[in-house]
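Taking the numbering used here, the leading residue of the sequence shown gets -9, the next gets one more, and so forth. Even for Gly, the Cβ is constructed at its ideal location relative to N, Cα and C. Since this is a predicted model, take the numbers as computed values, not measurements.
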Amino acid sequence: MFGEFCRGDYVWSALSYQEKAAGTQAPMLLGLALLVVFLLLVALYESWAIPFSVMPIGAVGATAAVWLAGLSNDVYFKVGLITMIGLAAKNAILIVEFAKELHARGARVPEAAMQAARLRFRPIVMTSLAFILGVIPLVIARGAGAASQSALGTGVIGGMLAASTLGVVFNPIFFTWVMSYIAARKSAGETPSEPSV
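The structure is reproduced here in structure tokens:
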């Protein structure tokens, strides 16, 4: 085997090998996963604008948590990022769906959004807390593979904390803004760019 390598040759191994083998596929797959989540949210909300308010909140929290912990932005963090974006979307779904239902019953948009956030606060906190507590063993893992588990767990916990705390505040605001914009376009006689809700 020694004869196969010349002086100065090197071989990638472990995480470096995985990242080199993935090459340019990782950004493409991350983008594809984000696109699929975005399109599912568009179909669910019947709106192109509301998903834009849902997805960035958790991603910023995950990135900040990994950066503050001094961990690297590796393959495992990206897997956790995709997982967290899906879970952050779940929190927004709880608020937006209930607000749309209240609005359909005749409530004004701001009141529907505030009431939905108030009534769905406990389910959001409970499911987020259960998920965060379930991921803590990844963050405190020691031994072989601990770095990958820690990057995944830290990113997911940071993203869920941001999505849970900021999402409860900002999702109703964005919902109110989008619905008010659609109503203003309809009353002005223009064809709204958003599907009717």
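When you compare each of the options to residue i by their alpha carbons, which one comes out closest?
| i | options | result |
| --- | --- | --- |
| A79 | K176, F160, T166 and M169 | F160 |
| L58 | I172, S170, G149 and Y171 | G149 |
| G70 | L24, P41 and Q15 | L24 |
| A107 | G157, I147 and G133 | G157 |
| Y171 | T73, A39, K10 and G96 | A39 |
| T53 | A174, A152, A173 and L123 | A152 |
| L20 | S37, S3, M74 and W2 | M74 |
| M18 | I72, S37 and V1 | I72 |
| K90 | S37, I126, F111 and L119 | S37 |
| F164 | V86, A174 and A136 | V86 |
Is the distance from the Cβ of residue i to the Cβ of residue j below 8 Å?
| i | j | result |
| --- | --- | --- |
| L84 | P46 | no |
| T144 | V129 | yes |
| F88 | L61 | no |
| I147 | A16 | no |
| V27 | G76 | yes |
| S140 | A131 | yes |
Taking its Cβ as the centre, do 16 or more other Cβ atoms sit within 10 Å of residue i, making it buried, or is it exposed?
| i | result |
| --- | --- |
| R98 | exposed |
| M169 | buried |
| S138 | buried |
| K68 | buried |
| S43 | buried |
| G48 | buried |
| K176 | exposed |
| P162 | buried |
| S3 | exposed |
| S6 | exposed |
| V1 | exposed |
Quick one: measure Cβ to Cβ for residue i and residue j, integer angstroms, because I've assumed they're closer than 8 Å.
| i | j | result |
| --- | --- | --- |
| A103 | T166 | 5 Å |
| V32 | P41 | 6 Å |
| L142 | Y66 | 4 Å |
| S154 | N81 | 6 Å |
| Q105 | L123 | Actually they are not in contact, since the Cβ atoms of Q105 and L123 sit about 28 Å apart, beyond 8 Å. |
Ordered list of alpha helix (DSSP H) runs contained in the stretch 92 to 161, each at least 4 residues: 99 to 129
Complete runs of the alpha helix (DSSP H) confined to the stretch 33 to 69 [at least 4 residues]: 40 to 59
Within the stretch 2 to 29, ranges of the alpha helix (DSSP H) (whole runs, at least 4 residues): 4 to 12
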